[in-house]
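Below is one structure, written out as structure tokens; the observations come after it.
2 protein chains.
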Amino acid sequence: MNKDRPKTSQPTDPLATPKATIGRLSLYLRHLENLFQAGQETISSNKLGEALDISDAQVRKDLGYFGPMGHPGVGYRIAQLREKLRSVLGTNRDWNVALIGMGNLGRALFGYGGFHRRGFIISALFDQDPQVVGSVHGNLTVHHISELSVLTRELGLQLAILAVPTPAANDVATRVQAAGIVGVLNFAPTRLTVPKDLSIVSVDLGSELERLAFDVNRRLIPSDDDTQAPPLE
Amino acid sequence: MNKDRPKTSQPTDPLATPKATIGRLSLYLRHLENLFQAGQETISSNKLGEALDISDAQVRKDLGYFGPMGHPGVGYRIAQLREKLRSVLGTNRDWNVALIGMGNLGRALFGYGGFHRRGFIISALFDQDPQVVGSVHGNLTVHHISELSVLTRELGLQLAILAVPTPAANDVATRVQAAGIVGVLNFAPTRLTVPKDLSIVSVDLGSELERLAFDVNRRLIPSDDDTQAPPLE
DNA sequence: TCGTGTGAAGAATTTCACAGCA
DNA sequence: TGCTGTGAAATTCTTCACACGA
Chain A
247 MNKDRPKTSQ PTDPLATPKA TIGRLSLYLR HLENLFQAGQ ETISSNKLGE
297 ALDISDAQVR KDLGYFGPMG HPGVGYRIAQ LREKLRSVLG TNRDWNVALI
347 GMGNLGRALF GYGGFHRRGF IISALFDQDP QVVGSVHGNL TVHHISELSV
397 LTRELGLQLA ILAVPTPAAN DVATRVQAAG IVGVLNFAPT RLTVPKDLSI
447 VSVDLGSELE RLAFDVNRRL IPSDDDTQAP PLE
Chain B
247 MNKDRPKTSQ PTDPLATPKA TIGRLSLYLR HLENLFQAGQ ETISSNKLGE
297 ALDISDAQVR KDLGYFGPMG HPGVGYRIAQ LREKLRSVLG TNRDWNVALI
347 GMGNLGRALF GYGGFHRRGF IISALFDQDP QVVGSVHGNL TVHHISELSV
397 LTRELGLQLA ILAVPTPAAN DVATRVQAAG IVGVLNFAPT RLTVPKDLSI
447 VSVDLGSELE RLAFDVNRRL IPSDDDTQAP PLE
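Chains A and B, in that order, give the protein sequences. Counting in this note's numbering, the first sequence runs from 247 upward without gaps. Counting in this note's numbering, the second sequence runs from 247 upward without gaps.
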């Protein structure tokens, strides 16, 4: 699909934004928020890239996907660019988020301030376990998962954070989708195979540590073969 | 650097493994562990890819970087491939991990079983706050950060999980590096700029939610311009 | 026949380099 | 002069397609 699109040089087509770029938009925004707080007015692609370890050309390409944002000879106006990125990423408004699974990870995520700060409001808590249902965290009470549909409608829940045990993840994802939630942040180390339209982003903390271990191994052990890693105990 | 390497077709050069491949190795291993538990003996690149939503050619390319692992007409021997990937990723042995920062996130990560299961043993806890130092979690007592060097040596700590407030992250990373720890999993939403050799993997939970919001936005709002997102409320 | 390993083609992403605006 | 926007080149990653081993 997407044959030869004529080079009608639309300011740009957000639908064509490379996946790799999307991952960097958050980084740009994160840094811009800092600069904005600090009262700085403009920044060049060069400086912005320097702070994030990204080339200046890359920064310009990335930002260019959303129309001409920069001002030649000046750089990017921070307030304006921040607004644009917030709108692109959807953080210019609040999202109502369901947190599902109140085990260790779930409770921690509830306490983690980073979500709220970026416009993701945890508005309802759910768990499968009758022992846990009814317990109170902050100003919220844990509901049983069977109430998901009703509360999704009532509270206008749009996203869900899945912090449930791996074997339950797929089932819960299906319920979530059926309830009308449109996106899921999944912490279970398994691939979710869900009926239809549901945006999924998965975070596997174990995998991240493995990536780190791989990196360390490669850096510290310049062995060039398939031998075991040295003891190192 | 790395000019034109002659095509001496070494079985493969682990140093040349594409970054993208590395991210998939954990996925392969994760699925192989399941199959291994289930007692399955072999699997084809086709089946393995199907389970993970990766093309069969991609699977073969990825696995090929570590020498010929497959058996034509048979597939990959699960036990053998699992062993190889564990060795490549460094999970064929245990790692001693320091958990630094015992706030909400830190406490949760401590309770999260996924690390231990994959060979990452949390062996020491640290915090900056004197109020927190001395408190006990499981069979571990929280130490003050100033004891990092000593304990790193004593306990053979190799990796650290950073769950500290953003403003402290860089300072802590520097201490970690000075103590002799070689890799860090960073949860603070900031880029760590550390003196020298230290492997860093960062996870920004807020960014992941932003990625999700972007995805939902794009899927649900086929608007083609820079207009505000609709209310949707 | 089934299924790997792998050059070669193709697609995606990044870097280069420079015209042009403020 | 400073700095963006952007084609074109370079690089990296993925898919294709097929020879060959079990």
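The beta-carbon is built from N, C-alpha and C at its ideal position, and this holds for glycine as well. All figures in this text were calculated on a predicted structure; none of them were measured in a lab.
Interface annotation for the segment 298-330 of chain A against chain B: Leu298, Asp299, Phe312, Gly313 and Lys330, criterion Cβ-Cβ distance under 9 Å. Restricting attention to alpha helix (DSSP H) runs no shorter than 4 residues, the segment 431-473 of chain A encloses them at 451-466, ordered along the chain. In the DSSP assignment, Val343 of chain B falls within the unbroken beta strand (DSSP E) covering Trp341 to Ile346. Taking a beta-carbon distance threshold of 8 Å, Tyr274 of chain A does not count as an interface residue toward chain B. C-alpha of Ala419 of chain B to C-alpha of Arg328 of chain A: approximately 29 Å in a straight line. About 6 Å separates the beta carbon of Phe361 of chain B from that of Leu455 of chain A, a gap short enough to meet the 8 Å contact definition. For the segment 446-463 of chain A, the set of positions with a beta-carbon nearer than 9 Å to some beta-carbon of chain B reads Ile446, Val447, Ser448, Val449, Asp450, Leu451, Gly452, Ser453, Glu454, Leu455, Glu456, Arg457, Leu458, Ala459, Phe460, Asp461, Val462 and Asn463 in chain order.
By the neighbour-count definition (other C-beta atoms within 10 Å, threshold 16), Lys265 of chain A is an exposed residue.
Under the 8 Å criterion on CB atoms, Ala262 of chain A is classed as non-interfacial with respect to chain B.
Excluding sequence positions up to five before and after Ser381 of chain A, its CB lies within less than 7 Å of the CB of Val388, all in the same chain and listed in chain order. Among the CB atoms of chain B, none fall inside 8 Å of the CB of Arg421 of chain A. By DSSP's assignment, Arg323 of chain B forms a beta bridge with B:Thr288.
If you look at Phe282 of chain B, you'll find it in the alpha helix (DSSP H) that goes Lys265 to Gln283.
Per DSSP, Leu408 of chain A is one residue of the beta strand (DSSP E) stretching across Leu405 to Leu408.
Per DSSP, reduced to three states, the secondary structure at Val418 of chain A is helical. Bounds of the alpha helix (DSSP H) holding Val305 of chain B are Asp302 to Gly310.
By the 16-neighbour rule on beta-carbons within 10 angstroms, Gln404 of chain A is buried. Judged by DSSP secondary structure, Val396 of chain B falls within the alpha helix (DSSP H) whose first and last residues are Leu394 to Leu401. Your pair Leu298 of chain B and Leu273 of chain B checks out as a contact, with CB atoms roughly 5 Å apart and the cut at 8 Å. The shortest C-alpha to C-alpha distance from Val343 of chain A to any of B:Ile467, B:Arg465 and B:Ala459 is the one to B:Ala459. Annotation: the continuous beta strand (DSSP E) that includes Ala370 of chain B extends over Phe366 to Asp373. Residues of chain A whose Cβ lies closer than 7 Å to the Cβ of Pro435 of chain B are, in chain order, Arg276 and Gly360. Cα atoms of Glu287 of chain B and Pro314 of chain B: separation of roughly 18 Å, rounded to the nearest angstrom. At a cut-off of 8 Å, the C-beta of Leu408 of chain A has no neighbouring C-beta in chain B. In this structure, DSSP gives Gly295 of chain B a helical state, which the three-state scheme calls helix. Under the Cβ distance rule, Ala415 of chain A does not count among the residues neighbouring chain B, no pair being separated by less than 8 Å.
With respect to chain A, the C-beta atom of Gly336 of chain B has a partner C-beta closer than 8 Å. Secondary structure note for Gly352 of chain A: its alpha helix (DSSP H) is the uninterrupted segment Asn350 to Gly357.
Distance from the CA of Ser369 of chain B to the CA of His390 of chain B, rounded to the nearest whole angstrom, comes to 14 Å. By the rule that beta-carbons nearer than 8 Å mark a contact, Ile289 of chain B does not touch chain A.
Secondary-structure assignment with DSSP links Gly429 of chain B through a beta bridge to B:Leu405 and B:Ser445. Leaving aside the five residues that flank Gly402 of chain B on each side, the residues in its chain whose CB is nearer than 7 Å to its CB run, in chain order, Asn342. Going by C-alpha positions, Ile346 of chain B is about 24 Å away from Pro435 of chain A. By the rule that beta-carbons nearer than 8 Å mark a contact, Asn350 of chain B touches chain A. Residues of the segment 365-399 of chain A that bring their beta carbon within less than 7 Å of a beta carbon in chain B comprise Phe366, in sequence order. Per DSSP, the continuous beta strand (DSSP E) segment holding Val388 of chain A begins and ends at Leu386 to His390.
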